[in-house]
Every structure is written in C-alpha cells, then in structure tokens.
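> So the sequence shown is residues 1 to 401, counted in the working numbering. Attaching a single structure in structure tokens format; questions to follow.
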Amino acid sequence: MTPPMYRMDRVTLIAGLPLLADSVLFAVRRAEASPVHLWLTWLLGAAAWALLGLRHRLPVPVGVLTMIAAVAYYPLSSLDGITPVVAFVVAVYTMSRAGHLVAAVTLAVTSMLAMTYGEFVASTSEQRHVDNMSMVLFEGWFLAVIAFGHAMRVRHAYQEESERRAAVAERLRIAREIHDVLGHSISLINVQAGAALHRSAKRPGETAELTRALEFVRDTSKDALRELRGTLGMLRQVDEEAAGAPTSPTPGWERIGDLADRARATGLTVTVRTDREGLPPGGVGAGVSLAAYRIVQEALTNIARHAAGATTVLIEARYEDGALRVSVEDDGKAGNGGPGHGHGSGSRSGEPGTGSGIGGMRERCRALGGELTAAHTDSGFRVTARLPLMADRPTALEGRS
1 MTPPMYRMDR VTLIAGLPLL ADSVLFAVRR AEASPVHLWL TWLLGAAAWA LLGLRHRLPV
61 PVGVLTMIAA VAYYPLSSLD GITPVVAFVV AVYTMSRAGH LVAAVTLAVT SMLAMTYGEF
121 VASTSEQRHV DNMSMVLFEG WFLAVIAFGH AMRVRHAYQE ESERRAAVAE RLRIAREIHD
181 VLGHSISLIN VQAGAALHRS AKRPGETAEL TRALEFVRDT SKDALRELRG TLGMLRQVDE
241 EAAGAPTSPT PGWERIGDLA DRARATGLTV TVRTDREGLP PGGVGAGVSL AAYRIVQEAL
301 TNIARHAAGA TTVLIEARYE DGALRVSVED DGKAGNGGPG HGHGSGSRSG EPGTGSGIGG
361 MRERCRALGG ELTAAHTDSG FRVTARLPLM ADRPTALEGR S
C-alpha cells in the first residue's frame, strides 16, 4: 500500500514544539518589532515545520525548501526562533535515512557556507549572531545527524535482509517437511500395494490380501494428510494465531511407534529400543524430537525403496554426552538391482550424491548442531544421528516397541 503524500507523524508533531515556543515569543515581542517582519518570519517557521509532513515522499525537495526557509528566516527575524533549524535538521536526517546521502551532505555544506557568509562577510563583528564555537557545534550536529541517519538506513537494510533469509530458510524447512511426509507415506503405499497385487496375481479370487493392502493404504494416506495439513498450517500460522484457529500438532519422537507399525505392515520386523538413563527430567526439546522422528521416517522410507531383501529393522535411541543418539539399522544387502545400495543415488550411500534422503537427514542434524553418519555394515546398512538436546519445549522420549 502506497503511503499518503502528507503524513503528520510523531516526529513531525514533536518538531512542532519549537514552533509553539516561537509563537509565544511572537505574542510577547510583537509590540517591539515591525508587524510585517514578525508575521513574515513566523510564517517562514510555520512553513518549514509544515513541510515535514511531505518528507517521506519528497525527502530532497523538503530538504531544499526547509534550508531556503531557514536561510531567509534568520536575516529577517528579530525573534531568533529555532523552528527553521529544527525542521532543517529533521529533513537532513530523513534524506540520509532514505539513502540520499550526497544530497544531505550537499545541503548541510551549503547551509554552513551560507551561515559563514552571513556572519563573516555580510555582517560586521558587532552584528554577528553566531560565534565561532557555535558554528563548530553546528557543523558537528549536522555531521552527527547525517551519520545517524545513514546508520539507521544500514541497520534497516540488514534487518530486512535477515528477515528475507529467515523466510527463505523457513520455506526450505517446510519443503523438506512436505518431502519427508509424502515420500515416506507414498513409498510405503507403493510397496504394500505392489506386494498385494503380486500375491493376488498368483492367487486369483482371494481378496483378503487386497483388503488388508487397501486398509493399509487408507490408514497411511489418512496419516499423511494429517501431517501434511499440520505442515502446511505453518504457512498460515500468523493468520491462524490472529483468528484463534488451532493448528495440527507437529509430529515428534512420541509417535515413533506409528512409524514402526507402518513399516511392520509392509512385512518388516521392526524393533524399537529406547534407553532413558541419563535423560533430563524435561525430556528432549521439540526441535530434537521432530528431527529424530523425521530421520527415522526417512531411514524407513529408504529401506522400503532401496534395501534389497531387508527383513528386520532395529531402531535405537539413547542419551549420552548431552545428546540424543538415534540409529536405524537394517539387514538389506547391496546389489540385486536396488538403487539404494549403489553410490549413484545418494539415498542409501554414505555420501549425499544427487539424492535428497541422506542429504536431508544430514541437513537436519547440522541445523541443530549435530551430525549424521550413514554407512554399510557387515549385515546391512546403518544410519546414526547425534542430536544435541535443546531446552526449549521439552517432549518426552517415548516409543512403542
């Protein structure tokens, strides 16, 4: 939305206080001076102050006009009010804050040259109104105002850049969440449906296998939709908080049993082991809990997609050295055409490659100050994550075995 052309903001109102003081001085001294000069100088001060309402839309023209008003005011005035100089200082600050640094310096130098000419050339020593020390102070004030305005501009630009980067990082995080949710659920649905169709083709007329597969597809897709709504709800978080609408809970380690159940439905034997010894009373932080859940989820997805001949999976979690250590190990073998055990896909190999599986898990660990290793073992493949515990929003370390 475009700001209004004329804006009477708080700074402009505060800058009007000197005009109020000058008005009182005008009322007191109007009998001592020419009414024409008094009214002219008061109108110049009032005009300089009124121009400040335009400074956000027209910073340079307002700076030039307030300087002209100040230069005309002091030779004519017998009041010696401060309204024009205050208005000029505010205008110079606004110019510097808006990025017109050269124009602000030029006007400040021009005003000082005009003051120097008026005090040293156009006036005698007895007629001077500003002494040498005051002129030095004026120069210092102008320099400080310009420097402060420029510093505020730099600070504002830095804050905008930080907010932009934070927004990009948040979008990437949400994209990763969506990838994990859909990738895991759709992979399990694909595996279960493919297996059911294969068995049904061998035993025509038997519908029990297809019924169980369809029930699995129904339940898994329902869970995936619930998680997807919760993830996409982050994009509407500000509006929802303003409207008081509830958001779906974020999955965490307490739901690791659901992941194990889904993997068991595909024919895997899954064991979950958790060791609570040494765990702080408050449990693990919400960030660590979500990261552990997603890492296990992605590891199980990779097993379903790429582990050739895998039949058993062991999920372990324990607390040691101020961190939650999570590992997922399967007995799948390399080869047999499975892309996961090759080093080209990046999903099951120790290096990220071009895939997003191991790379996404490693990025989650790094974001929390942890680390992740993924490598083949003598009996299969193991993913191990070390996640330093966080104190914020503790979540209990739970899991169904």
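Ideal Cβ placement from N, Cα and C applies to all residues, glycine included. Please read these numbers as outputs of a predicted model, since none were measured by experiment.
Evaluate contact between the region 164-175 and the region 135-152, counting only Cβ atoms and requiring at least three cross-stretch pairs below 8 Å.
The answer is no - the region 135-152 does not touch the region 164-175, with fewer than three Cβ pairs under 8 Å.
> Locate the beta strand (DSSP E) running through Y319, then write down its first and last residues.
For the purposes of this step, residue 319 is taken as the residue at position 319 of the sequence shown. Note, Y319: beta strand (DSSP E), 312-320.
> Can we say the region 39-52 touches the region 107-119, given the rule of at least three CB pairs closer than 8 Å?
No: the two stretches stay apart, fewer than three of their Cβ pairs being nearer than 8 Å.
> Considering H376, what are the terminal residues of the alpha helix (DSSP H) in which it resides?
Taking the first residue of the sequence shown as position 1, residue 376 is located at position 376. Not the alpha helix (DSSP H): H376 falls in the beta strand (DSSP E), residues 371-376.
> Please state whether the Cβ-Cβ distance between G63 and L13 is less than 8 Å.
The residue labelled residue 63 in the question sits at position 63 within the sequence shown. The residue labelled residue 13 in the question sits at position 13 within the sequence shown. Not in contact: G63 and L13 (Cβ atoms no closer than 8 Å).
> Under a Cβ-count criterion, where at least 16 other Cβ atoms within 10 Å of its own Cβ denotes burial, should R176 be classed as buried or exposed?
Numbered from 1 along the sequence shown, position 176 holds the residue referred to as residue 176. Buried, because 16 or more other Cβ atoms sit within 10 Å of the Cβ of R176.
> Is it buried or exposed, T110, if we count other Cβ atoms within 10 angstroms and call 16 or more buried?
For the purposes of this step, residue 110 is taken as residue 110 along the sequence shown, with counting starting at 1. T110 comes out exposed.
> Just to check my reading of the structure: A374 and V326 have Cβ atoms closer than 8 Å, yes? What is that Cβ distance to the nearest angstrom?
Taking the first residue of the sequence shown as 1, we reach residue 374 at position 374. Taking the first residue of the sequence shown as 1, we reach residue 326 at position 326. Not quite, the Cβ-Cβ distance comes to about 12 Å (not below 8 Å), so this is no contact.
> Kindly indicate which three-state DSSP category A323 falls into: helix, strand or coil?
For the purposes of this step, residue 323 is taken as the residue at position 323 of the sequence shown. Strand at A323.
> Which residues bound the beta strand (DSSP E) around L402?
Any answer about residue 402 is impossible in this case: the structure gives the chain only from 1 up to 401.
> On the three-state DSSP scale, how would you describe T94?
Counting from one through the sequence shown, the residue named residue 94 turns up at place 94. Residue state, collapsed to three classes: helix.
> In whole angstroms, give me the CA-to-CA distance for L17 and F138.
As a working mapping, residue 17 is identified with position 17 in the sequence shown. As a working mapping, residue 138 is identified with position 138 in the sequence shown. Each residue's Cα considered, the two are about 20 Å apart.
> Give the straight-line distance between the Cα atoms of V154 and M5, rounded to the nearest whole angstrom.
Translated into the one-based positions of the sequence shown, residue 154 becomes position 154. Translated into the one-based positions of the sequence shown, residue 5 becomes position 5. Whole-angstrom Cα-Cα distance: 25 Å.
> Tell me, please, which residues DSSP counts as bridged to D330.
Translated into the one-based positions of the sequence shown, residue 330 becomes position 330. Partner(s): V313, F381.
> May I ask you to report which of helix, strand or coil DSSP gives V121?
Counting from one through the sequence shown, the residue named residue 121 turns up at place 121. Residue state, collapsed to three classes: coil.
> If you run the structure through DSSP and keep just helix, strand and coil, what is R57?
What you label residue 57 is simply residue 57 of the sequence shown in a count that begins at 1. The answer is coil: DSSP assigns R57 none of H, G, I, E or B.
> State the DSSP-derived secondary structure class of T274, mapped to helix, strand or coil.
As a first step, residue 274 is located in the sequence shown; it is residue number 274 there, counting from the start. In this structure, T274 counts as strand in the three-state DSSP scheme.
> When the distance is taken between beta carbons, is G332 closer than 8 Å to A310?
Taking the sequence shown and counting its residues from 1, one reaches residue 310 at position 310. Taking the sequence shown and counting its residues from 1, one reaches residue 332 at position 332. In this structure, G332 lies closer than 8 Å to A310 by Cβ.
> Counting only the same chain and skipping the five closest in sequence on each side, list residues whose C-beta sits under 7 Å from that of I189.
The residue you call residue 189 lines up with position 189 of the sequence shown. Once the five neighbours on either side are set aside, the close Cβ partners of I189 are V217, T220, S221.
> Suppose the cutoff is 8 Å on Cβ atoms and the five residues either side in sequence are ignored; what does the same chain contact list for A48 look like?
For the purposes of this step, residue 48 is taken as residue 48 along the sequence shown, with counting starting at 1. These residues qualify, in order along the chain: L65, T66, A69, A70, Y73, T83, P84, A87, F88.
> For L389 versus V288, is the C-beta spacing smaller than 8 Å?
As a first step, residue 389 must be located in the sequence shown, where it is residue number 389. As a first step, residue 288 must be located in the sequence shown, where it is residue number 288. Yes, these two residues count as a Cβ contact at 8 Å.
> Assign L17 to one of three DSSP states: helix, strand, or coil.
As a first step, residue 17 must be located in the sequence shown, where it is residue number 17. L17: helix per DSSP, three-state reduction.
> Kindly give me the distance between the Cβ atoms of R386 and A323, rounded to whole angstroms, as I take these residues to be in contact under 8 Å.
As a first step, residue 386 must be located in the sequence shown, where it is residue number 386. As a first step, residue 323 must be located in the sequence shown, where it is residue number 323. At roughly 5 Å, the Cβ-Cβ gap stays under 8 Å, so R386 and A323 are in contact.
> Have a look at Y93 and P35 and give me their C-alpha separation to the nearest angstrom.
Working through the sequence shown from its first residue, we reach residue 93 at position 93. Working through the sequence shown from its first residue, we reach residue 35 at position 35. Y93 and P35: Cα-Cα distance of roughly 33 Å.
> Are the CB atoms of W253 and V402 within a distance shorter than 8 Å?
Limits of the chain in this structure are 1 at one end and 401 at the other, which puts residue 402 out of reach.
> For a cutoff of 8 Å on Cβ pairs, would you count E254 as touching chain B?
Looking at the structure shown, chain B is missing, and only one protein chain is on hand.
> Between R366 and L101, what straight-line distance do the alpha-carbon atoms span, to the nearest angstrom?
If you number the sequence shown from 1, residue 366 lands on position 366. If you number the sequence shown from 1, residue 101 lands on position 101. R366 and L101: Cα-Cα distance of roughly 42 Å.
> According to DSSP, is A307 helix, strand or coil?
Taking the first residue of the sequence shown as 1, we reach residue 307 at position 307. Three-state DSSP puts A307 in coil, outside helix and strand.
> Helix, strand or coil for G252, going by three-state DSSP, please let me know.
Numbered from its first residue, the sequence shown carries residue 252 at position 252. Note: G252 maps to coil in three-state DSSP.
> Give me the residue from E316, S23, L290, A15 with the minimum Cα distance to L51.
On the sequence shown, residue 51 is found 51 positions in, with the first residue counted as 1. Of the listed residues, the one whose Cα sits closest to L51 is A15.
> Between the beta-carbon of G380 and the beta-carbon of D321, is there less than 8 Å?
Here the question's residue 380 lines up with position 380 in the sequence shown. Here the question's residue 321 lines up with position 321 in the sequence shown. In this structure, D321 does not lie closer than 8 Å to G380 by Cβ.
> Taking the alpha helix (DSSP H) that I358 belongs to, which residues open and close that run?
In the sequence shown, the residue the question calls residue 358 occupies position 358. It spans 357-367 - the alpha helix (DSSP H) in which I358 sits, taken as one unbroken run.
> Using the Cα positions of R97 and E161, report the straight-line distance between them to the nearest angstrom.
Translated into positions along the sequence shown, residue 97 becomes position 97. Translated into positions along the sequence shown, residue 161 becomes position 161. Roughly 17 Å between the two C-alpha positions.
> Quick check on DSSP: helix, strand or coil for G285?
What you label residue 285 is simply residue 285 of the sequence shown in a count that begins at 1. The answer is strand: DSSP assigns G285 an E or B state.
> Pull the bridge partners of T269 from the DSSP assignment, please.
For the purposes of this step, residue 269 is taken as the residue at position 269 of the sequence shown. BP columns for T269 point to T312.
> DSSP on S221, reduced to helix/strand/coil?
As a working note, residue 221 is residue 221 in the sequence shown. Three-state result, S221: helix.
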